[in-house]
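Under this note's numbering, read the sequence shown as residues 3 to 205, first letter to last.
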Amino acid sequence: MQPFKKIVALAAPLDRTNVDTDQIIPKQFLKRIERTGYGEFLFFDWRRTASGDPNPDFVLNEPRYSAAQILIAGKNFGCGSSREHAAWALSDFGFRCVIAPTFADIFFSNAGKNGILLVKLSEDQVNQLLENAKTIANYQLTVSLEDRTVTDNRNFNGTFEIDPFRRFCLLEGLDDIGLALRHEAALDKFESAHDNALWLRAK
């Protein structure tokens with residue numbers, strides 16, 4: 003998992019509340035067994051018309067947001083079912099950070115385990131960022147996990163709280179497997195002792 007310390011990146015506005023995981027990655031695309039390849043299906047029902055063509059009215063289809071790594075959204079982002087595929091789709095599409103007033107709990111956990119920083123700011127602050135991203139060309143934000151801040155070059159300065167353990171894992175780029183491998187020597191020692199005990203019992 004790629005460590006997250008600080009990024010300076012283009013921000014895209016998704017001015018919608020209660021964006022659920024079936025909207026993030028519709029259920030018909032959950033058949034893949036890999037974690038990759040989901041980006042092209044992100045927000046599929048919004049990004050595509052009934053005929054399958056790109057929907058020109060959907061914000062992420064606007065060329066000016068094609069390189070965005072920061073998504074700004076309304077409250078209760080990631081609600082609905084607990085599918086981890088939602089985090090995979092966002093990551094595969096290129097988003098490294100989502101800023102919103104609130105997030106669904108299970109999605110919050112899944113995102114962190116997949117290297118996506120979720121930043122909670124007040125509704126007023128989020129509304130300001132949404133407006134900026136809509137109206138200012140090439141609007142960029144600096145998101146620092148080290149300092150727990152969100153800033154721009156127009157005097158916006160927001161701070162956010164994050165669980166210390168989640169912050170540590172993101173800073174170090176550790177998912178669940180990475181965390182386990184930090185104790186590889188101890189695990190090997192335990193396995194060796196366990197195997198020896200089984201061998202002695204079998205004698």
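Even for Gly, the Cβ is constructed at its ideal location relative to N, Cα and C.
Just so it is clear, the structure is predicted and the values come from calculations on it, not from any experiment.
Three-state secondary structure (DSSP) of residue i
| i | result |
| --- | --- |
| R37 | coil |
| D107 | helix |
| L120 | strand |
| R49 | helix |
| A113 | helix |
Extent of the continuous beta strand (DSSP E) to which residue i belongs
| i | result |
| --- | --- |
| Q142 | 142 to 146 |
| T153 | 151 to 153 |
| T161 | 159 to 161 |
Residue(s) in a DSSP beta bridge with residue i
| i | result |
| --- | --- |
| I74 | P15, I101 |
| D22 | C81 |
| K8 | S146 |
Residue span of the alpha helix (DSSP H) that contains residue i, given as start and end
| i | result |
| --- | --- |
| K29 | Unbroken run through K29: none, as it is neither H nor E. |
| K136 | 125 to 137 |
| P58 | Segment: none, P58 is in no alpha helix (DSSP H) and carries neither H nor E. |
| P166 | 166 to 174 |
| L92 | 87 to 95 |
Whole-Å CB distance - residue i paired with residue j, under 8 Å assumed
| i | j | result |
| --- | --- | --- |
| I26 | A88 | 4 Å |
Neighbour flag for residue i against chain B, beta carbons, 7 Å
| i | result |
| --- | --- |
| D22 | The structure shown contains no chain B; it holds only a single protein chain. |
At least three beta-carbon pairs within less than 8 Å, the segment 124 to 138 to the segment 81 to 97: no
contact_flag[the segment 150 to 161, the segment 30 to 37] where n(CB pairs < 8 Å) is 3 or more: For the pair of segments examined, the segment 150 to 161 was found not to touch the segment 30 to 37: the number of CB pairs separated by less than 8 Å stays below three.
Three or more C-beta pairs below 8 Å linking the segment 90 to 99 and the segment 112 to 128: Touching, yes.
At least three beta-carbon pairs within less than 8 Å, the segment 44 to 56 to the segment 70 to 81: no
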